[in-house]
Amino acid sequence: MKLLVVDDSSTMRRIIKNTLARLGYKDIIEGADGVEGWDQINTNPDVDMLITDWNMPEMNGLELVQKVRADDRFSDMPIIMVTTEGGKAEVITALKAGVNNYIVKPFTPQVLKEKLGAVMGVSEE
Ligand SMILES: [Mg+2]
């Protein structure tokens with residue numbers, strides 16, 4: 016199971032990576048913005064899940080999600096958005112763009128675990 020974590024905060028990437036590692040996910044690659052995230056997906060087409068921030072320079076997370084969903088190779092890839100944008104309108108926008116689940120920062124390891132489980136349950140259908 017290979018996971019891609021995209022966030023412009025290296026601290027946040029580390030927090031997410033450490034949480035994932037404690038949940039048993041060790042195969043994790045990173046990107047610091049949407050452009051790097053898109054490069055990573057194309058270089059590593061075996062990525063099983065994308066966990067992305069929304070607010071980032073160069074290409075934001077919403078644009079990244081739209082790009083991923085528009086590509087037939089990745090249209091089924093589970094995506095979780097982890098962001099400070101917790102408003103109802105933002106959540107709806109993200110879901111419409113194709114995000115499978117949504118986590119508002121700050122989050123607990125338990126929340127990340129639950130959302131991962133929910134998304135993987137969906138992705139197995
Ligand atoms: Mg950010």
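Each step along the sequence shown adds one to the number in the numbering used here, with nothing skipped, and position 30 is 45.
By construction, the Cβ of each residue, glycine as well, lies at the ideal position given by its N, Cα and C atoms.
In terms of Cα proximity to P60, the closest of I30, A36 and R88 is R88. Taking one beta carbon from each stretch, the segment 122-138 and the segment 41-55 have fewer than 3 pairs nearer than 8 angstroms; the two do not touch.
Remark: the C-beta of M74 is outside contact range of ligand 1, defined as less than 7 angstroms to any heavy atom. N70 sits away from G49, with the two beta carbons spaced by 8 angstroms or more. Cβ atoms of V62 and M92 come within 8 angstroms of each other, at about 7 angstroms. Residue pairing by DSSP places Y117 opposite M96 in a beta bridge. Setting aside the 5 residues that flank it on each side, G113 is surrounded in the same chain by V80 and R84, each with a C-beta closer than 6 angstroms to its C-beta; the list follows chain order. Within the segment 33-60, complete beta strand (DSSP E) segments of at least 3 residues are found at 43-46, given in chain order. Remark: the C-beta of S25 is outside contact range of ligand 1, defined as less than 7 angstroms to any heavy atom. The C-alpha of K17 lies about 30 angstroms from the C-alpha of K103.
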